[in-house]
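**Q** Numbering (our numbering), first residue to last: 40 to 510. Below is one structure. I have some questions about it.
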Ligand code: NAD
């Protein structure tokens, strides 16, 4: 049993001022794994003060110094690889392949940021002005539970490269993973106060960060509902915001697609991270005249996506993060039935043999109408809505017909697929093969967010322009 009583503030593990314990429960067995003391407003204030105090020196470091620290962070991630990955599978239930991928990506975010600094354009001349790009200041990084190390590394790499100091507030559902990550940061040997990490709830600690006048920037990944609250709170002090929010990605199967390949692709992008991904393809748009074939293919292929224990390398789908989230997914399945969609496979209830865990059954609805709740709202679990369409124009209308616009997928011959892809309003449109490119921009249209992350686009989010003129 782990009892986490400290936050990582000003280069040290400091006893929590907040005394409220948060239970940590295994998503696999339902048994307690331990607990963590949640930060309170005093802890939040201390974290911001430390980041503010460290800012002048950090923002004045040379590029070479920041590159050295970023590489130290990458090395520290590598040294802690097994601990980070295993904690992610234990606390969150991520299958082993996904945990390993996330931790390797975490290392790569730091290496990438270091490399980008080689020739990052921090200054340029425009007429009589020298236009400098200066760090925005103290950045608060608020992250979700569905890949904690990925978000913490991706955001902090960009912020630190830009010359910002940071306060990270990971999800209250990721206390063990965040504590493991804090050990990585500590091991990397950064100057005190440059990175601070505390575990707290959104309502109090999150709100405190979003309103604190000593925080200059909020970079948030999470739900659209919370993104709106943060944007409102941040407006009071006109903080810069980057918001990476929810998604309801379509997978458009074109009428001339190789159907077995398209369905395989669709199932992979749907069940990625057990359906708990903002990038999950959750609406399979199928030409009406090929629907029968697609249904058969789904039934034939879904068995290959084994639902199993996170540490079992043959598992491809793990549990939902918490019991409450499992119940939320169940409620959406009921909603699909209530609204008249037809269940093709799956349904409510536990997975046989895994009944003590938060395992939802991979569930596919067919005959789904585009305006049904299961076709509009982000479920964040393994529930797929198959929606028939007639003609490309209708497919594009349906694909664009939600409040979201984060990611979209198109399956079909590349020349045809690229024409359809160009009409879809989403930050990323992916044709035929899943990609995990870390260089191209990532972010949402519409209510999927504001701003872009990844690569140089991510670093730019932590910089302000300052034009200095001389005659
Ligand atoms: P969430 O919005 O409930 O919480 C995310 C974080 O925000 C947590 O750290 C939480 O404590 C904090 N928070 C909650 N209320 C807050 C408030 N009032 N002020 C400040 N912070 C607050 O999201 P979640 O359940 O942890 O994660 C799932 C959601 O994240 C899904 O909607 C998913 O689509 C989204 N997500 C988006 C991306 C992306 O890149 N666009 C990536 C992953 C997840």
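A virtual CB, placed ideally from N, CA and C, is assigned to each residue, including glycine.
#1: Would you list the one or two residues that DSSP bridges to residue 47?
#2: Enumerated in chain order, which unbroken segments of the alpha helix (DSSP H) with a length of 4 residues or greater are wholly contained in the segment 210–273?
#3: Sorry if obvious, but does the Cβ on residue 498 come closer than 7 Å to a heavy atom of the ligand NAD?
#4: Rounded to whole angstroms, what is the Cα-Cα separation between residue 443 and residue 510?
#5: For residue 499 and residue 156, what's the separation of their Cα atoms in angstroms?
#6: Three or more beta-carbon pairs under 8 Å between the segment 269–279 and the segment 299–311, yes or no?
#7: In whole angstroms, what separates the C-alpha of residue 70 from that of residue 103?
#8: Report back the beta-carbon spacing between residue 181 and residue 63 to the nearest angstrom; my notes put them in contact at under 8 Å.
#9: Going by CA-CA distance only, name the one from 486, 84 and 59 that's closest to residue 287.
#10: For residue 171, name the three-state secondary structure that DSSP assigns.
#11: Which residue's Cα is closest to the Cα of residue 378: 407, 384, 201 and 147?
#12: Out of 381, 226, 462 and 449, which has the shortest C-alpha to C-alpha gap to residue 404?
#13: Do you know offhand how far residue 227's Cα is from residue 101's?
#14: Residue 452 bridges to which residues according to DSSP?
#15: Around the C-beta of residue 68, are 16 or more other C-beta atoms found within 10 angstroms, so that it is buried, or is it exposed?
#16: Please report the distance separating the alpha-carbon of residue 5 from that of residue 416.
#17: Residue 360 and residue 66: beta carbons closer than 8 Å?
#18: Between which two residues does the beta strand (DSSP E) holding residue 74 run?
#19: For the ligand NAD, any of its heavy atoms closer than 7 Å to the Cβ of residue 419?
#20: Taking 7 Å as the cut-off, does the CB of residue 184 come closer than this to any heavy atom belonging to the ligand NAD?
#21: Considering Cα atoms alone, identify which of 431, 90 and 189 is closest to residue 120.
#22: Drop a sphere of 10 angstroms on the beta-carbon of residue 42, count the other beta-carbons inside from all chains shown, and report buried for 16 or more, exposed for fewer.
**A** This is what the structure holds:
#1: 52 and 236
#2: 214–227 and 246–250
#3: no
#4: 48 Å
#5: 12 Å
#6: no
#7: 47 Å
#8: About 20 Å; that fails the 8 Å criterion.
#9: 486
#10: Residue 171 falls in the strand class under three-state DSSP.
#11: Out of 407, 384, 201 and 147, 407 has the C-alpha closest to the C-alpha of residue 378.
#12: For residue 404, the closest C-alpha among the options 381, 226, 462 and 449 is that of 381.
#13: 18 Å
#14: In the DSSP output, where bridge partners are listed per residue, residue 452 has none listed.
#15: That one is exposed.
#16: Because the chain in this structure spans residues 40 to 510, residue 5 falls outside the shown range and cannot be described.
#17: yes
#18: 71–76
#19: Residue 419: yes, Cβ under 7 Å from the ligand NAD.
#20: yes
#21: 189
#22: exposed
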